[in-house]
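Chains E and W, in that order, give the protein sequences.
Just add 4 to wherever you are in the first sequence, counting from 1, and you've got my numbering.
Just add 92 to wherever you are in the second sequence, counting from 1, and you've got my numbering.
Don't be surprised by glycine CBs; every beta carbon is placed ideally from N, CA and C.
Below you'll find the structure, written out as structure tokens, and then a few comments.
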Amino acid sequence: MSDRMVRIVEILIDSFLPLLKAGLAFTVPLTIISFLLGLMVAFIIAIIKVLNIKPFVSIASFYVWIIRGTPLLVQLFIIFYGLPSVGITLNAMTSAIIGFTLSVGAYGSEIVRAAILSVSKGQWEAAHALGLTKKKTLFYVILPQAVKVAVPSLSNSFISLVKDTSLAAAVTVKELFQVAQQITARTYEPLWLYMEAAAIYLIFCTILTFGQSKMEVWFSRHMAQ
Amino acid sequence: MMIKIEKVYKKFGTLEVLKNINMEVAQGEVVCIIGPSGSGKSTLLRSLNHLERISSGRIIIDSELLDERKDDIDVHKISSKKVLEICAELGMVFQRFNLFPHMTVIENVMLSPIRVKKVDKKEAEEQALELLRKVGLLDKKDVYPSKLSGGQQQRVAIARALAMKPKIMLFDEPTSALDPELVSEVLEVIKSLANEGMTMLVVTHEMGFAKEVADRVVFMDNGEIIEENIPDVIFKNPIHDRTKAFLSKIL
Chain E
5 MSDRMVRIVE ILIDSFLPLL KAGLAFTVPL TIISFLLGLM VAFIIAIIKV LNIKPFVSIA
65 SFYVWIIRGT PLLVQLFIIF YGLPSVGITL NAMTSAIIGF TLSVGAYGSE IVRAAILSVS
125 KGQWEAAHAL GLTKKKTLFY VILPQAVKVA VPSLSNSFIS LVKDTSLAAA VTVKELFQVA
185 QQITARTYEP LWLYMEAAAI YLIFCTILTF GQSKMEVWFS RHMAQ
Chain W
93 MMIKIEKVYK KFGTLEVLKN INMEVAQGEV VCIIGPSGSG KSTLLRSLNH LERISSGRII
153 IDSELLDERK DDIDVHKISS KKVLEICAEL GMVFQRFNLF PHMTVIENVM LSPIRVKKVD
213 KKEAEEQALE LLRKVGLLDK KDVYPSKLSG GQQQRVAIAR ALAMKPKIML FDEPTSALDP
273 ELVSEVLEVI KSLANEGMTM LVVTHEMGFA KEVADRVVFM DNGEIIEENI PDVIFKNPIH
333 DRTKAFLSKI L
């Protein structure tokens, strides 16, 4: 083995643990926290739109329009680098969580809304005929069926989010990709290090995809149609 | 009068689907509405619980004003709370059953007593079991609707509607989506309700059933009530030519 090969292997072995740690300490929590908060936002926005709750519908539409129409990286920069100039200073992790939450909320709300609309009109009619209000119909009858429809698309957003969290490197969060950049700056082996980082993302996503298919099976079994 | 329908018109855009409908249903009366598809039978039935809004006219359910409109504008604004209160007195059974697929049979039957009437769970369950016994599906109580035949699903739907202890039952072509061999089990259940004195309005294509059960048969065509009478007269000596033409095609 040439000296260069030996050196590369050494660098890859030495950097594996720091990269994995950064992934577990930042990438994973960032993904999970942002996704859970984002889901809450998504459901709230979707419900506001479906029930047509008057003063909030236009606010909800405006929010979805802004978030979907501007780049996530730009949003992160505005939150982290921009807001301090109006007196709102947030640390890097908080900025990233807010940015990703807003993003998941906007895209997720459209998924949830479409899932709600996919439930047949007859379900609304039957519930109305039984005297249930629209709100009760939504919670007891429509949402449980809509969730099942939304799960595959929402799990896709979750997997996308794992990868999108690499953008947090740009606002100084010490996540997986940021650490890869730092080691690269020291060792000048960008090809191998970024490949290694990619491999760790791949491992995370593979595990999640496996979990996703398990969950879909669970939902189709426990929410028998 | 349990149901009073006065000068009701309904337009979908320029299409007039109900034209000057006047009709009354007394307590304990069973009225069957027959007529060709598109004659407005279902629309009329669905107007009785606001699933369709009438364009003009007045609907009174058990002396409570449900709807009064003129040219698609409310003459009296009825609050949605009031509408739901009145709806709870009307049980409705749909052509396509519309059971809640994510709930078991008994959960379907228990949902509205618990969530609308705030009946406690134990009492709702006892009542649901009694209703399922009545429609002959006690053994299916923990099954999901998808595991049931159409006829069984429709019987569950009837039990679910009865769980609200309605004063009136509305049936919107309850057997039209069923395989022929499953029709009679559903009709038997509806007949037994009629025998118990339930006030019922039934839109149906089952002429044999209408003959046997109805106190009165209403024939509708093209958005109008053409004639109404006791079944004997309607089926044996209809007055109107359109009724004769329809019956000759169907019988």
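Where glutamate 156(W) sits in the DSSP three-state scheme: As a position in the second sequence, residue 156(W) is number 64, starting the count at 1. Residue state, collapsed to three classes: strand.
Proximal residues, the region 124-154 of chain W versus chain E, C-beta separation under 7 Å: Asn141 and Leu143
Contacts that valine 201(W) makes with chain E (C-beta to C-beta distance below 7 Å): Numbered from 1 along the second sequence, position 109 holds the residue referred to as residue 201(W). Those do not exist, as valine 201(W) stays about 10 Å from chain E at its closest Cβ, beyond 7 Å.
Exposure of arginine 150(W), with buried meaning 16 or more beta-carbon neighbours within 10 Å: To locate residue 150(W), count along the second sequence from 1; it is residue 58. The residue is buried, with at least 16 neighbouring Cβ atoms inside 10 Å.
Where serine 204(W) meets chain E, residues with beta-carbon distance less than 7 Å: Within the second sequence, the letter at position 112 stands for residue 204(W). Within chain E, the residues near serine 204(W) are Leu134, Gly135 and Leu136.
Reduced DSSP category for tyrosine 144(E) - H, G, I as helix; E, B as strand; rest coil: Walking along the first sequence from the start, residue 144(E) turns up at place 140. Three-state DSSP puts tyrosine 144(E) in a helix.
Sub-8 Å separation of valine 211(W) and proline 205(W) beta-carbons: For the purposes of this step, residue 211(W) is taken as residue 119 along the second sequence, with counting starting at 1. For the purposes of this step, residue 205(W) is taken as residue 113 along the second sequence, with counting starting at 1. Yes, Cβ-Cβ distance for valine 211(W) and proline 205(W) is below 8 Å.
Whether phenylalanine 192(W) touches aspartate 264(W) by CB criterion (8 Å): Within the second sequence, numbered from 1, the residue matching residue 192(W) stands at position 100. Within the second sequence, numbered from 1, the residue matching residue 264(W) stands at position 172. Cβ atoms of phenylalanine 192(W) and aspartate 264(W): not closer than 8 Å.
Within chain E, partners of methionine 256(W) - CB distance below 7 Å: By one-based count along the second sequence, residue 256(W) stands at place 164. The answer, in chain order, is Leu134 and Gly135.
Every unbroken alpha helix (DSSP H) inside the region 243-317 of chain W [4 residues or more]: 275-287 and 299-305
C-beta atoms of leucine 343(W) and proline 258(W) nearer than 8 Å: Locating residue 343(W) in the second sequence gives position 251, counting from the first residue. Locating residue 258(W) in the second sequence gives position 166, counting from the first residue. No, the Cβ-Cβ distance between leucine 343(W) and proline 258(W) is not below 8 Å.
Contiguous beta strand (DSSP E) assignments of at least 3 residues, all confined to the region 133-218 of chain W: 148-153, 156-162 and 182-185
Length of the line joining the Cα atoms of leucine 240(W) and serine 172(W): In the second sequence, residue 240(W) corresponds to position 148, counting from 1. In the second sequence, residue 172(W) corresponds to position 80, counting from 1. One C-alpha to the other measures close to 34 Å.
Burial state of asparagine 287(W), where buried means 16 or more other Cβ atoms lie within 10 Å: One-based indexing of the second sequence puts residue 287(W) at position 195. Classification of asparagine 287(W): exposed, given that the 10 Å Cβ count is below 16.
Pair within 8 Å by beta-carbon distance, alanine 337(W) and cysteine 124(W): The residue you call residue 337(W) lines up with position 245 of the second sequence. The residue you call residue 124(W) lines up with position 32 of the second sequence. No, Cβ-Cβ distance for alanine 337(W) and cysteine 124(W) is not below 8 Å.
From Leu41(E), Trp222(E), Lys139(E) and Leu195(E), residue whose alpha carbon lies closest to that of asparagine 56(E): In the first sequence, residue 56(E) corresponds to position 52, counting from 1. Checked all of Leu41(E), Trp222(E), Lys139(E) and Leu195(E); the closest Cα to asparagine 56(E) is Lys139(E).
Minimum Cβ-Cβ distance from tyrosine 144(E) to chain W less than 8 Å: What you label residue 144(E) is simply residue 140 of the first sequence in a count that begins at 1. So yes, tyrosine 144(E) belongs to the interface.
Chain E contacts made by the region 207-231 of chain W, where a contact means CB separation under 7 Å: Arg207 and Val208
Nearest neighbour of leucine 162(E), chosen from Leu77(E), Leu180(E), Leu212(E) and Ala130(E) [CA to CA]: The residue given as residue 162(E) occupies position 158 in the first sequence. Checking the sequence, you will find phenylalanine at residue 162(E) rather than leucine. Here the closest residue by C-alpha is Leu212(E).
Sequence-distant residues of its chain with Cβ nearer than 7 Å to glutamine 119(W) (five each side left out): As a position in the second sequence, residue 119(W) is number 27, starting the count at 1. The answer, listed in chain order, is Met94 and Thr291.
Chain-ordered neighbours of alanine 180(W) on chain E, where CB pairs are closer than 7 Å: Position 88 of the second sequence, counted from the first residue, corresponds to residue 180(W). Going along chain E in sequence order, the residues near alanine 180(W) (Cβ under 7 Å) are Gly135.
is_contact[asparagine 321(W), chain E] using C-beta, thresh 8 Å: Position 229 of the second sequence, counted from the first residue, corresponds to residue 321(W). It does not: the Cβ of asparagine 321(W) has no partner Cβ on chain E nearer than 8 Å.
Sequence-distant residues of the same chain with beta carbon closer than 8 Å to valine 32(E), five excluded per side: Taking the first sequence and counting its residues from 1, the one referred to as residue 32(E) is at position 28. Closer than 8 Å at Cβ, skipping near neighbours: Phe208.
Status (buried if at least 16 other CB within 10 Å, exposed otherwise) for tyrosine 144(E): Here residue 144(E) refers to the residue found at position 140 of the first sequence. So tyrosine 144(E) ends up on the buried side.
Short Cβ contact (8 Å threshold) for aspartate 313(W) with serine 131(W): As a position in the second sequence, residue 313(W) is number 221, starting the count at 1. As a position in the second sequence, residue 131(W) is number 39, starting the count at 1. Cβ atoms of aspartate 313(W) and serine 131(W): closer than 8 Å.
Beta carbon proximity, methionine 94(W) to chain E, threshold 8 Å: The sequence position of residue 94(W) within the second sequence is 2, counting from 1. No, methionine 94(W) lies away from the interface with chain E (no Cβ there is under 8 Å from its Cβ).
Cβ-Cβ distance between valine 151(E) and serine 122(E) below 8 Å: Residue mapping note: residue 151(E) aligns to position 147 of the first sequence, counting from 1. Residue mapping note: residue 122(E) aligns to position 118 of the first sequence, counting from 1. Contact: no.
Contacts that lysine 140(E) makes with chain W (C-beta to C-beta distance below 8 Å): Locating residue 140(E) in the first sequence gives position 136, where the first residue counts as 1. Arg207 and Val208, listed in chain order.
Alpha helix (DSSP H) runs wholly inside the region 96-133 of chain E, at least 4 long, in chain order: 96-122 and 125-133
Isoleucine 113(W) in three-state terms, based on DSSP: In the second sequence, the residue the question calls residue 113(W) occupies position 21. Looking at isoleucine 113(W) - three-state DSSP - the assignment turns out to be strand.
Neighbour-count burial assignment, lysine 53(E), 16 or more Cβ in a 10 Å radius: Start at 1 with the first residue of the first sequence, and residue 53(E) comes out as number 49. Buried, since its Cβ has 16 or more Cβ neighbours within 10 Å.
Cα-Cα separation between glycine 42(E) and isoleucine 48(E), rounded to whole angstroms: As a working note, residue 42(E) is residue 38 in the first sequence. As a working note, residue 48(E) is residue 44 in the first sequence. In a straight line, the C-alpha of glycine 42(E) is about 10 Å away from that of isoleucine 48(E).
Rounded C-alpha distance that separates histidine 132(E) from glycine 126(E): For the purposes of this step, residue 132(E) is taken as the residue at position 128 of the first sequence. For the purposes of this step, residue 126(E) is taken as the residue at position 122 of the first sequence. Answer to the nearest angstrom: the Cα atoms are 10 Å apart.
Asparagine 321(W) (DSSP reduced to helix, strand or coil): Taking the second sequence and counting its residues from 1, one reaches residue 321(W) at position 229. Reduced to three states, the DSSP call for asparagine 321(W) is strand.
Neighbour flag for alanine 119(E) against chain W, beta carbons, 8 Å: For the purposes of this step, residue 119(E) is taken as residue 115 along the first sequence, with counting starting at 1. False, the Cβ-Cβ gap to chain W never drops below 8 Å.
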